[in-house]
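A.B. asks: One line per chain: the protein sequences are G and U, in this order.
Converting from the first sequence to my numbering requires adding 509 to each position, the first position being numbered 1.
Converting from the second sequence to my numbering requires adding 17 to each position, the first position being numbered 1.
Ideal placement from N, C-alpha and C gives every residue a C-beta, glycine not left out.
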Amino acid sequence: MTVVERVTAPAGAARPGTIGTSPTRPDGVAKVQGRFEFSSDLSADGCLWGATLRSPHPSARIVSIDLSAAWQIDGVETVITAADVPGAMHYGLIAQDQPVFASEVVRYVGEPIAAVAADHPETCRRALEAIVVEYEMLDALLDPERAIDASHPPIHPDGNVIRHQRIVCGDRSATGDVVVEGTYEIGMQDQAFLGLEAALAVPDPGGSGVELHVATQWLHEDRTQIAACLDLPVESVRLVLGGVGGAFGAREDISLQVHTCLLALRLGRPVRIAYSRAESFLGHVHRHPATIWMRHHATSDGEIVKIESRMVFDGGAYASTSSAVLINAVTHAQGPYRCPNAVVDGYAVRTNHLPCGAMRGFGVVQACFAHESQMDKLAAACGLDPVEIRLRNAMRTGDPLITGQPVLNVAPVERCIRDTAALPLPDTPVGGFPMEDGALDVMRLPGGAGRTADRTDIVRGIGWGVAIKNLMYSEGFDDYSTARYRLADGVATLKFATSEVGQGFVTIAPQIARTILGVDDVVLDRIDTQVGSAGSTSASRQTWMSGGAVDAACRTVRERLFEHVGRTHDVDPLRLVVDGTDLVDTVSGWKMPVAEASAGVVIDETVEYRHPATGELDENGQGNCHTAFAFVAHRAVVDVDPELGLVKVVQIATAQDVGRALNPLSVLGQIEGGIAQGLGLAVMEEIIQVDGLIRNGNFTDYLLPTFLDMPDVVATLIEEPDPHAPLGAKGVGEPPCISSTPAIVAAIRDALCQVDGVGKPLERVPVRPSDICL
Amino acid sequence: MTTTIGDGDHFSLHVNGIRCEVTDSWLGESLLDVLRDRLGLLGAKGACEQGECGSCSVMVDDVLVCSCLVMAASVVDQPIVTIEGIAPIDAPSDVQAAFVEAGAVQCGFCTPGLIVAAHDLLERLPRPSETQIREELAGNVCRCTGYGRIIEAVQQVAVRRAGGGS
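1) So with Cβ pairs under 8 Å, would you call U/Thr21 a contact of chain G?
2) Any idea what DSSP makes of G/Gln1165, helix, strand or coil?
3) Using the beta-carbon of each residue, which ones in chain U are nearer than 8 Å to G/Val1222?
4) DSSP on G/Ala569, reduced to helix/strand/coil?
5) Just tell me which of G/Ser531, G/Thr1065, G/Ser564, G/Glu881 has its CA closest to the CA of G/Pro1270.
6) Please report the straight-line C-alpha distance between G/Glu706 and G/Arg899, rounded to a whole angstrom.
7) Would you check if the region 993-1006 of chain G and the region 1166-1179 of chain G touch, i.e. whether three or more CB-CB distances between them fall below 8 Å?
8) May I ask you to verify whether the region 646-660 of chain G touches the region 603-612 of chain G, counting CB pairs closer than 8 Å and requiring at least 3?
9) Kindly list, in the order they appear in chain U, the residues whose Cβ is closer than 8 Å to that of G/Glu1181.
10) Measuring alpha carbon to alpha carbon, tell me which residue in G/Ala888, G/Glu923, G/Ile911 is nearest G/Met904.
11) Please state whether the Cβ-Cβ distance between G/Arg675 and G/Gly1013 is less than 8 Å.
12) So is G/Val821 in contact with chain U if we call contact Cβ pairs under 8 Å?
13) Check the Cβ of U/Ile106 against every Cβ in chain G and list those closer than 8 Å, keeping chain order.
14) Using a C-beta cutoff of 8 Å, does U/Glu118 count as contacting chain G?
15) Along the chain, where does the beta strand (DSSP E) containing G/Asp928 start, and where does it finish?
16) Less than 8 Å between the CB atoms is what I'm expecting for G/Pro1151 and G/Val939, so what's the real figure, rounded?
17) Could you check whether the region 663-678 of chain G touches the region 859-868 of chain G, counting it as contact only if at least three pairs of C-beta atoms, one from each stretch, sit closer than 8 Å?
18) Give the secondary structure of G/Ser717 by DSSP, where H, G and I count as helix, E and B as strand, and everything else as coil.
19) Using a Cβ cut-off of 8 Å (strictly closer), state whether G/Met451 contacts chain U.
20) Near G/Phe702, which residues of its chain fall below 7 Å by C-beta distance, leaving aside the five closest residues on each side in sequence?
21) Ignoring anything shorter than 3 residues or poking outside the region 1091-1179 of chain G, list the beta strand (DSSP E) runs there in chain order.
22) Using a Cβ-Cβ cut-off of 8 Å, state whether U/Phe126 counts as contacting chain G.
23) In this structure, how does DSSP classify G/Lys1004 when only helix, strand and coil are distinguished?
24) Could you spell out where the beta strand (DSSP E) holding G/Trp973 opens and where it closes?
25) Please report the distance separating the alpha-carbon of U/Asn33 from that of U/Val80.
26) How is the beta strand (DSSP E) around G/Cys556 delimited, first residue to last?
27) Would you say U/Ser72 reaches chain G, if we count a Cβ-Cβ gap shorter than 8 Å as a contact?
28) Report yes or no: do the region 957-976 of chain G and the region 1027-1046 of chain G share at least 3 C-beta pairs separated by less than 8 Å?
29) Can you pull the chain G residues whose beta carbon is under 7 Å from the beta carbon of U/Leu154, in chain order?
30) Taking just the CA atoms, how far does G/Phe610 sit from G/Arg568?
31) For G/Cys877, report the span of its alpha helix (DSSP H) as first-last.
32) Could you tell me the alpha carbon to alpha carbon distance between G/Gly584 and G/Ala708, rounded to whole angstroms?
33) For a cutoff of 8 Å on Cβ pairs, would you count G/Ser1175 as touching chain U?
34) Measuring straight from C-alpha to C-alpha, what distance separates G/Thr929 and G/Ile1227?
35) Anything in chain U within Cβ reach of G/Asp550, meaning under 7 Å, just list it in chain order.
36) Establish whether the CB of U/Ala135 and some CB of chain G are separated by less than 8 Å.
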């Protein structure tokens, strides 16, 4: 197998830039100098601006659209609606149910109706204002339960239930000595990447094709959907990755791609569209708000006997990935714990809210907040502490999920918990250390300087969260990544279509090549659709999948190089290995630098890497639907002012199952960044909709964690290389944001319980001041 | 030296030591839009348009500002320093180098603003405490890193400038 190379090497022995070291990002210097080109920085000669007209209503019939006044504005080059879509009228990642432009009805506030192209963004704005749309209001479906009970007429031809899936496992009548239950709510979170949606479309002469530069998570999937809507052959639509300013799931769906291409092809001129922050909140999918009822049965000593749950996920107006998000939620209901019996019922429904889809954690975030809240209730009911209840039930390699699927990956759940518990608690006193002059450091108080928390009121709490997360795609999806490696006259060039969204695949891909092939300098070719699909940068999958493809391509090239050297130097190729930057004959000890051996040689290999096939779930939710799993534990320490409802997260400790850290600094970056987003969901971030209207679609009212909100993070990487992973490395992006949220909420509960011995249930995230103090 | 605003759409700015003529602007345009769309200086980024995220941070007359909140025509007499003026391309500043080395950069969209803000911080507070770093940089939002590596980078620079390292 491939996993043992570095693990057996002494620490610190790795050649710089290879696997296990932390070389700097190849795009790092350009980024710190402001020279890195993000998609919003792109333009072209003769480029026009595009803009999108959006519905102000959550549910209405379009009676008429009058474009005449917009056409008459100087500088307006074209105005398009659904009537101008030459191909498929709908797109979507799983079901093609979302119109390119609404033509008969609008189903959410922000749904696109028309687009304009003009000489300046201000001209575009005036043109949009000049378009007159007459609406007939319809009764909006805003209560997910009404989608389930069919008391509201269908708001879409595909119906109001996007997916219903139950899981029945073991003895459904089993009961436990101890029973705890709760109903948990998770608010709608926004990915809030900083780099707003932007794209540049350049049409081919004669309109025979188009090149789109866009910030996206999956170039090839975009291309498939775009080509269908444009009625062009797929190969006539070429996508190039525009610099991506973060993604977190929000760039998995189409937003402005088709509109930009339509405008450019219509005019035969380059067109760029760039969303504002307000438009971005409307223009991409969000994390599903969910309501989860959960009941745990356990023995009196805390062993889980059965889990019952009902989960309702509000998918908003269009399907996006709701059906897959739901499956992640129901199949992760047990958390990282053994559970012999279960009855789980899950719904993903359609409403006239903003569409929801992928966000980091993908359904497991919601399930985890419920199961971890339940574990604390169970601990209290059994008289155990939160760590002990989790250790008692911790899943191990080989244990089955409630779907019947055995967890075949390394499953170091117990170690995650114990290693987290072993990390030091913060040494800062409640309210922080005084400053040098002895004064109170108000910035360390809950609420900071702008509030009036009194240090004597503050209570410190500790809470736990532990999670399991599936990696890669599920349910039979043909999930693969492609990589091309070209070794030409000593120059190594890697090409892949893997979206670099900030996670650092552009750093680890050359690390893999240096390790496998003994080269030092690796050239990265442009990331575009001129090579096979890499799949999506999502589901914590690219290190495993595109990393696996790069690894396989490098190994194939290496074999070819061995054959070449065998022929030219009369050596048995089977005896050759790469050691550092040398080719070495393991028998004779003869060696030659790889650079010298590859002089005058051209070897060019393209390889597709696939993970083992997965299966469907049957009607009882049984089946091996997932590919692989990773685990993590979080311990949160918070200071709470119970009078004012203010929270200061003081520290997060975490031990994460990473398999093998290919680039430890990048892993740490994923851990800290993911925890920040988990903290956001715990105490800050929620998109508020009232009657289907977003009320806080801006960064003044949608609160993101800042430097002052983010606590110290102490982390341990658990490196038990996974034999199923091509490089032993598990995906690390999602776990940090999953159980950090329930850990923080549990810590708040713990603090409040110390105040009056009772506390507050806090069954909803984000926790608001009023939930604490009222 | 003083530039008066003539016919309403022609003025000049002093950016990174260079006098830049702005000929096709309208008076209400933000400094951010003028830098990006009129002068072609794309280093400052727009991400919130309301001064909440700091991605557009630049120095105006030695004061750190969100350029999205400053009317370009109101700063015609004041020296402006953008990310492009922080250091030569072939000689990144100590702050820039530390950000790259410490892992403070992921997607990089917040980075130019943070580099400008970190330089400003270290000019005013050469030995900032961790709380001071957090407070001073709290106007710059990063969605990728969780801030830990950025704090590390700033601390490294402070130590090195104080002679604590090479």
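C.D. replies: Looking at the coordinates:
1) Since pLDDT at U/Thr21 reaches only 46, below the 50 mark, its modelled position is unreliable, and no value is offered.
2) The three-state secondary structure of G/Gln1165, taken from DSSP, is strand.
3) The answer, in chain order, is Gly163, Gly165.
4) Note: G/Ala569 maps to strand in three-state DSSP.
5) Ranking the options by Cα distance to G/Pro1270, first place goes to G/Glu881.
6) Rounded to whole angstroms, the separation of the alpha carbons of G/Arg899 and G/Glu706 is 42 Å.
7) No: the two stretches stay apart, fewer than three of their Cβ pairs being nearer than 8 Å.
8) The region 646-660 of chain G vs the region 603-612 of chain G: no contact.
9) Result: Thr162, Gly163, Tyr164, Gly165, Arg166.
10) In terms of Cα proximity to G/Met904, the closest of G/Ala888, G/Glu923, G/Ile911 is G/Glu923.
11) Contact flag unset, no.
12) So no, G/Val821 is outside the interface.
13) Here the neighbours are Gln542, Arg544.
14) By this cut-off, U/Glu118 is an interface position.
15) Note, G/Asp928: premise wrong, no beta strand (DSSP E); alpha helix (DSSP H) at 922-931.
16) For G/Pro1151 against G/Val939, the beta-carbon gap comes to about 13 Å, at or over 8 Å, which does not count as contact.
17) By the C-beta criterion, the region 663-678 of chain G is judged to be in contact with the region 859-868 of chain G, since at least 3 inter-stretch pairs fall below 8 Å.
18) Looking at G/Ser717 - three-state DSSP - the assignment turns out to be coil, as it is neither helix nor strand.
19) Summary: the structure shown does not reach residue 451 of chain G, with chain G confined to residues 510 through 1283, and so no result is reported for it.
20) The residues Gly754, Gly755, Ala756, Phe757, Ala759, in chain order, have a CB closer than 7 Å to that of G/Phe702 in the same chain once the five nearest residues on each side in sequence are set aside.
21) Look at the region 1091-1179 of chain G and you find these whole runs of beta strand (DSSP E), each 3 residues long or longer: 1091-1094, 1100-1102, 1111-1119, 1137-1150, 1155-1166.
22) So, interface residue.
23) Residue state for G/Lys1004 is assigned as strand, using DSSP reduced to three classes.
24) G/Trp973 -> beta strand (DSSP E) spans 968-980.
25) Separation of U/Asn33 and U/Val80 (C-alpha to C-alpha, rounded to the nearest whole angstrom) is 14 Å.
26) Per DSSP, G/Cys556 is not a residue of any beta strand (DSSP E), being assigned neither H nor E.
27) Chain G, which has a Cβ nearer than 8 Å to the Cβ of U/Ser72, makes this yes.
28) No, the region 957-976 of chain G is not in contact with the region 1027-1046 of chain G.
29) Under the 7 Å cutoff, chain G gives Phe1216.
30) Inspection of the sequence shows that residue 568 of chain G is occupied by Ser rather than by Arg. One C-alpha to the other measures close to 15 Å.
31) Run containing G/Cys877: 873-891, per the alpha helix (DSSP H) assignment.
32) Spanning the two alpha carbons is a distance of roughly 21 Å.
33) So, interface residue.
34) Each residue's CA atom was taken as its position, placing G/Thr929 and G/Ile1227 some 10 Å apart.
35) Contacts between G/Asp550 and chain U, judged by CB atoms closer than 7 Å, involve Leu59 in chain order.
36) Cβ-Cβ to chain G under 8 Å: no for U/Ala135.
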